[in-house]
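First the structure, in the form of structure tokens, and then the observations on it.
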Amino acid sequence: MTIEIRAARPEEMLDYRRLTAYVFSSPDEPSPDDEFAGTLRPEWTTCAFVDGRLAATMGAYPFRVRLNGRRASVAGITAVGTYPEYRRQGLLRRIKQQGFAEQRERGQYVAMLWASMGAIYQRFGYGLASTLAGYEFDPRQTAFFHDEVPKGSVRITPMDEARPVMQDIYRTFAEPRNLLIERVEVGWDAMLRPPPKGGRYHVGVYRVDAEPRGYMVYRTKEGEAMGEPNPQDTMWIRDLAYLDLDAYRGLWAHVRAHDLIGRVFWHNAPTDDPAPDLLLEPRALRRRTGDAMWMRLTDVEQALPLRPYSGEGALTLRIRDDLCDWNDATYRLETSGEEAIVTPTSEAPDLSMSVNTLAPLFSGLRTATHLANAGLIEARDASALGTADRLFATRYAPWCPDGF
Ligand SMILES: CC(C)(COP(=O)(O)OP(=O)(O)OC[C@H]1O[C@@H](n2cnc3c(N)ncnc32)[C@H](O)[C@@H]1OP(=O)(O)O)[C@@H](O)C(=O)NCCC(=O)NCCS
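Going by the working numbering, the sequence shown opens with residue 13, and the numbers climb by one from there.
This is the structure:
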């Protein structure tokens with residue numbers, strides 16, 4: 013049996029998509045004419061071929077994301093799969109090992125992904141880097157505590173007209189945030205394609221004196237129970253961005269202006285979304301949170317300076333990494349806040365942790381104190397934890413609402 017780990021060739025990409033369609037139980041047979049067939053380029057893949065047959069796959073989109081407001085290149089890992097007959101033979105492990113080295117060569121020092129199961133990735137050095145909030149509410153119960161009247165109003169806008177407006181708003185909205193992907197045209201195409209379960213998306217654009225300040229993309233569905241006293245229709249919010257809180261309130265007012273909607277779902281809200289702080293009855297949101305983006309620092313020394321820190325200071329970090337041995341070292345992080353210098357050192361560490369635990373600290377999902385309380389960080393003393401809490405804090409919670 014021969015095993016070859018390499019990128020797929022252009023003529024092998026249909027097989028690649030057949031494999032991923034199979035392992036993710038897609039009902040559709042891939043065809044060369046599929047709308048998004050060319051989205052993942054062959055050179056971004058790392059695959060295992062067993063005796064010449066494609067057996068396992070992984071892709072890495074070259075994304076730009078915001079890391080605490082700073083633009084950074086990352087690998088957006090996608091389409092990880094092994095045909096069942098080749099599973100538990102170490103193919104994914106070999107793909108991962110080679111993939112990390114390739115991503116590092118391409119200057120992608122951070123990898124992130126949506127996991128079908130966290131258990132698959134934790135053994136490869138990934139840690140949880142973001143969570144999502146999900147709401148399910150009756151819009152009639154979601155008045156704001158300070159019910160200020162928005163200065164502008166929402167107009168339902170045809171998709172073609174709305175798209176460039178949304179793109180402008182999203183760019184400004186994303187800029188200071190944390191972990192949002194810089195959406196390229198094909199990312200917008202994918203987001204706005206008709207929902208798989210039928211229906212179509214509407215866009216509401218909020219304007220003040222004709223100036224667009226926010227938008228929401230959503231779909232609605234007619235209720236099935238006739239003759240009920242309460243509204244039965246449903247709304248799903250797909251995407252929402254705003255430039256200030258007046259626009260945020262304006263978009264909520266738009267949701268609440270739908271008299272026949274009895275249930276609103278917003279499943280990919282940020283965990284620091286202001287609604288729970290602004291509503292008269294926060295419990296009405298029926299808020300849940302769940303794990304979202306998993307992250308792996310493929311090169312710790314190069315990754316740590318990619319984000320701004322929240323003040324001046326220095327820390328010595330011992331990072332354990334048994335898969336990427338180039339990371340397994342102690343680092344001195346010195347930062348002015350905006351810039352950081354990271355160098356390997358032989359000094360005694362302030363904090364010690366695995367590369368997995370570095371992910372939630374680096375992304376701002378968890379404080380060092382939280383991770384130490386969970387037994388995941390060993391600290392020299394309480395002041396080292398306090399310094400790490402301060403430096404790694406982010407202005408916004410890490411949040412990535414986009415699937416890939
Ligand atoms: C996940 C998947 C790609 C693993 O592929 P594989 O080639 O069998 O993986 P490997 O044989 O290299 O296993 C690597 C390690 O992960 C472990 N592992 C593999 N799949 C696992 C799973 N589903 N849950 C927990 N651990 C898993 C293996 O036991 C092995 O551990 P070890 O190295 O400590 O012995 C494959 O099971 C699959 O295609 N699953 C369905 C699609 C999917 O969920 N993909 C992930 C999308 S995010």
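Quick reminder that beta carbons are idealized off the backbone N, C-alpha and C, glycines included.
Original post:
Just to confirm, are TYR218 and LEU252 a CB contact at a threshold of 8 Å?
Top reply: no
Subject >> Close Cβ partners of GLY81 (< 6 Å) along its chain, the five nearest in sequence each way excluded >> reply: PRO188
Original post:
If we count the other Cβ atoms within 10 Å of its Cβ and call it buried at 16 or more, is PHE75 buried or exposed?
Top reply: buried
Original post:
Taking Cβ positions, are ALA68 and ILE107 nearer each other than 8 Å?
Top reply: yes
**OP:** Go ahead and pull the three-state DSSP assignment for GLU171.
**Re:** It is Met, not Glu, that sits at residue 171 in the sequence shown. It is helical.
Subject >> Assigned secondary structure, GLY199 (DSSP; H/G/I helix, E/B strand, else coil) >> reply: helix
**OP:** Entirely within the stretch 134-190 and at least 4 residues each: give me those alpha helix (DSSP H) ranges in chain order.
**Re:** 171-186
Original post:
Counting Cβ pairs closer than 8 Å, one from the stretch 296-307 and one from the stretch 322-335, do we hit at least three?
Top reply: no
Original post:
Are ALA380 and ASP401 closer than 8 Å when you measure CB to CB?
Top reply: yes
**OP:** Return yes when at least one heavy atom of ligand 1 lies under 7 Å from the C-beta of THR57, else no.
**Re:** no
Original post:
Roughly how many angstroms lie between the CA atoms of LEU103 and ALA237, to the nearest whole one?
Top reply: 50 Å
**OP:** Report yes or no: do the stretch 340-354 and the stretch 307-325 share at least 3 C-beta pairs separated by less than 8 Å?
**Re:** yes
Subject >> CA-to-CA distance, VAL161 to PRO317, given in whole angstroms >> reply: 43 Å
Subject >> Simplified DSSP assignment, three categories, for LEU318 >> reply: helix
Original post:
Taking 7 Å as the cut-off, does the CB of LEU104 come closer than this to any heavy atom belonging to ligand 3?
Top reply: With respect to small molecules bound, the structure shown includes ligand 1 and not ligand 3.
Subject >> Separation of VAL35 from ARG308, as counted between CA atoms >> reply: 23 Å
Original post:
Which value, in whole angstroms, describes the spacing of the CA atoms of MET10 and TRP411?
Top reply: Outside the modelled stretch of the chain, which goes from 13 to 416, sits residue 10, for which no answer is possible.
Original post:
Which same chain residues, not among the five before or five after TYR28, have their C-beta less than 6 Å away from its C-beta?
Top reply: ALA20, THR69
**OP:** Quick one: measure Cβ to Cβ for ARG319 and LEU31, integer angstroms, because I've assumed they're closer than 8 Å.
**Re:** No, ARG319 and LEU31 are not in contact; Cβ-Cβ is about 35 Å, not under 8 Å.
Original post:
When DSSP labels each residue in this structure, what does ASP289 get in the three-state scheme?
Top reply: helix
Subject >> Proximal residues to LEU388 (C-beta, below 7 Å), its chain only, five neighbours per side dropped >> reply: MET365, THR369
**OP:** Starting from the Cα of PHE374, find the closest Cα among ALA72, ALA123, PHE404 and give me that residue.
**Re:** PHE404
**OP:** Rounded to whole angstroms, what's the CA-CA distance from TYR182 to GLY64? Just pull it up for me.
**Re:** 44 Å
Subject >> Proximity of ASN242 and TYR408 at Cβ, strictly below 8 Å >> reply: no
**OP:** Could you tell me which of LYS209, ARG231, LEU272, TYR260 sits nearest to GLY239, measuring between CA atoms?
**Re:** LEU272
Subject >> ligand 1 heavy atom lying under 7 Å from the CB of ALA123 >> reply: no
Original post:
Who pairs with ASP303 in a beta bridge, going by DSSP?
Top reply: THR143
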